[in-house]
Amino acid sequence: MSKDLWTAVDRYLTDLLVAPDAALDAALETSAAAGLPAISVTPNFGKFLYLLARMQGAKNILEFGTLGGYSTIWLARALPPGGRLITLEADPKHAEIARANLPRAGVADAVDVRVGQALDLLPKVAAEMRAPFDLIFIDADKPNNPEYFVRSLELSRVGSLIIVDNVIRDGAVVDAQTRDASVQGVRRMNELIAAERRVTATALQTVGGKGYDGFAMVLVTS
Ligand code: SAH
Ligand code: DHB
Ligand code: MG
0 MSKDLWTAVD RYLTDLLVAP DAALDAALET SAAAGLPAIS VTPNFGKFLY LLARMQGAKN
60 ILEFGTLGGY STIWLARALP PGGRLITLEA DPKHAEIARA NLPRAGVADA VDVRVGQALD
120 LLPKVAAEMR APFDLIFIDA DKPNNPEYFV RSLELSRVGS LIIVDNVIRD GAVVDAQTRD
180 ASVQGVRRMN ELIAAERRVT ATALQTVGGK GYDGFAMVLV TS
């Protein structure tokens, strides 16, 4: 099986099930035009995040890693009236592109884009009593994933859902000897999740237009 086939099936499913959306298309186009890396979630995965947020009844969402705001828009669109989303982004240029993309999607009022290293921004988020979050999407720098998971748990309640992108990395996650700091971060986070008695979790492999990767899904249970 080839990436071409995964991409063709991804496109087939997207064409069938993901309605064309000018604001989402524009978010990707402006991101590409500004030279941002093409690493947003796929349309199908964006829709998946949207469905999860709706199933969760999420009113309060936290995202690590905004980029051009593509996943942010999907998640924000799942919010009920009055719902809020905070998204953390280290690169001011990425944050600027995202901020320009949100109004087109009709979600500017619901979304708070904060610029800085996520770990530096979190104490203020906590102090503002914005927690607990109903859903947290971790999709920033992978070496910090262990810390992001620990901090996410602190900002959660029983029933909160934590989703982590890119936990398979072409299968590199199985290499215990890896020297790749991103893969090390994912492995260390997985170990923390496995050892954490307050959560129950799974992780799934995915193929599609972005290749072979996967995500982890963590439910806070106590
Ligand atoms: N969630 C986005 C993609 C995010 S890509 C989407 O699917 O549309 C990862 C983003 O994390 C990049 O924009 C990168 O600048 C940002 N990032 C990297 N290190 C970070 C850090 N320490 N704190 C916050 N954001 C960071
Ligand atoms: C990378 C980051 C991502 O969040 C992603 O979904 C794909 C790739 C990266 O840094 O290479
Ligand atoms: Mg990602």
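Number 221 marks the last residue of the sequence shown (numbering that gives the first Met the number 0); no jumps.
Backbone N, C-alpha and C fix where the C-beta goes; we use that ideal spot for every residue, glycine too.
How about residue i and residue j: are their beta carbons less than 7 Å apart?
| i | j | result |
| --- | --- | --- |
| R196 | P145 | no |
| Y173 | V185 | Reading off the sequence shown, one finds Val at residue 173, where the question assumed Tyr. Not a contact, by the Cβ cut-off of 7 Å. |
| V182 | V198 | no |
| L35 | G67 | yes |
| G45 | W5 | no |
Suppose the cutoff is 7 Å on Cβ atoms and the five residues either side in sequence are ignored; what does the same chain contact list for residue i look like?
| i | result |
| --- | --- |
| L12 | N43 |
| D9 | T41, N43, G207 and G208 |
| Y178 | For the record, residue 178 in the displayed sequence is Arg; it is not Tyr. Closer than 7 Å at the Cβ level, and outside the excluded window around R178, lies no residue. |
| A194 | none |
Just how far apart, CA to CA, sit residue i and residue j?
| i | j | result |
| --- | --- | --- |
| Q55 | L160 | 8 Å |
| R98 | I60 | 17 Å |
| E190 | A200 | 11 Å |
| A89 | T65 | 9 Å |
| Q204 | G82 | 30 Å |
| A135 | K58 | A small fix is needed here, since residue 135 is Ile in this sequence, not Ala. Approximately 11 Å, taken between the alpha carbons. |
| I96 | K141 | 22 Å |
| L84 | A37 | 23 Å |
| V124 | L101 | 21 Å |
| L121 | M128 | 11 Å |
| T29 | A94 | 12 Å |
| N143 | L154 | 16 Å |
| R156 | V217 | 12 Å |
| S70 | L152 | 21 Å |
| D14 | A126 | 43 Å |
| G115 | I162 | 21 Å |
| P48 | S39 | Before going further, note that residue 48 is Leu rather than Pro in the sequence given. The alpha-carbon atoms of L48 and S39 are separated by roughly 12 Å. |
| A33 | P91 | 12 Å |
| G158 | L16 | 28 Å |
| K2 | D133 | 34 Å |
| P80 | A175 | 45 Å |
| A180 | A171 | 11 Å |
| R20 | A130 | First, the residue type needs correcting, since residue 20 is Asp and not Arg in the sequence shown. So the alpha carbons of these two residues sit roughly 31 Å apart. |
| A18 | D24 | 11 Å |
| I192 | A75 | 26 Å |
| A202 | A26 | 28 Å |
What are the boundary residues of the alpha helix (DSSP H) that includes residue i?
| i | result |
| --- | --- |
| T13 | K2 to L16 |
| L74 | Y69 to A75 |
Can you list, in chain order, the residues of its chain whose CB lies under 6 Å from that of residue i, leaving out five sequence neighbours each side?
| i | result |
| --- | --- |
| L78 | A109 |
| K209 | T41 |
| A22 | R103 and A104 |
| A107 | L101 |
| D164 | D138 and F214 |
| T86 | E62, T65, T71 and V112 |
| R150 | L121 |
| Y147 | F63 and I137 |
Residues in its own chain within less than 8 Å of residue i by CB, not counting five upstream and five downstream?
| i | result |
| --- | --- |
| D169 | G210, Y211 and D212 |
| R53 | A77 |
| R221 | With the sequence shown as reference, residue 221 is identified as Ser, and Arg is not the correct amino acid for it. Around S221: V157, R196 and R197. |
Output the boundary residues of the beta strand (DSSP E) element that contains residue i.
| i | result |
| --- | --- |
| T266 | The requested residue 266 does not occur in the structure, where the chain is confined to residues 0 to 221. |
| L87 | R83 to E88 |
Legend entry - Segments assigned alpha helix (DSSP H), at least 4 residues, entirely inside the stretch 9-67: 21-32 and 42-55
Legend entry - Complete runs of the beta strand (DSSP E) confined to the stretch 97-173 [at least 3 residues]: 110-114, 134-137 and 160-164
Inset, instruction - Would you list, in sequence order, the uninterrupted beta strand (DSSP E) runs of no fewer than 3 residues that lie entirely inside the stretch 178-218? - result: 198-207
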